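Counting along the sequence shown from 1, when you hit position 16 you're at 16 in UniProt numbering, and nothing is skipped either side. Quick reminder that beta carbons are idealized off the backbone N, C-alpha and C, glycines included. This one's a predicted model, so the numbers in the text were calculated from it and none came from an experiment. Structure, as structure tokens:
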Amino acid sequence: VKSADGTEHTITVTVNGTEDPSIISSYEPGSVTEDTAGVLTDSGDLDIADADSGEAQFDITRVEGQQNGNGESPLGSLTITADGQWRYQVDNSLTGVQEL
Numbered sequence: 001v002k003s004a005d006g007t008e009h010t011i012t013v014t015v016n017g018t019e020d021p022s023i024i025s026s027y028e029p030g031s032v033t034e035d036t037a038g039v040l041t042d043s044g045d046l047d048i049a050d051a052d053s054g055e056a057q058f059d060i061t062r063v064e065g066q067q068n069g070n071g072e073s074p075l076g077s078l079t080i081t082a083d084g085q086w087r088y089q090v091d092n093s094l095t096g097v098q099e100l
């Protein structure tokens, strides 16, 4: 770059990017009703938006202390796929469910 007096100067531009967070949302609340079936199931879809191209997908690595992509608890299991489909199942015959 040359200044008004003709002197040459070097300009260095550094771009430091930041990771934009994804936004996860759902318009479908889930619920199950005790004593309506042997295995109580509900499912739905989560939506994800990400400003970074190609990154609007789920990469489940941990759910409630579990090391894999699926969560297990004493009262049921939760599965979430890469495209945001979720499914919750609980065995209605479990003592913990019957004590609710």
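Any contact between the stretch 38-50 and the stretch 19-28? By contact I mean 3 or more CB pairs, one from each, below 8 Å. yes
With H, G and I counted as helix, E and B as strand and the rest as coil, what does DSSP make of glycine 76? strand
Taking the alpha carbon of alanine 56 as the point to measure from, which residue in Thr12, Gln89, Asp83 has its own alpha carbon closest? Asp83
Proximity winner among Thr18, Gly30, Asn92, Thr79, relative to alanine 37 (alpha-carbon distances): Asn92
Spatial neighbours of glutamine 85 within its chain, please: CB distance less than 6 Å, with the 5 preceding and 5 following residues excluded, ordered by chain position. Asp45
Exposed or buried, leucine 78, counting other C-beta atoms within 10 Å across all chains shown (16 or more means buried)? buried
So who's on the other strand from aspartate 20, going by DSSP bridges? Its beta-bridge partners do not exist; DSSP assigns none.
Proximity below 7 Å, CB of tyrosine 88 to CB of aspartate 42: yes
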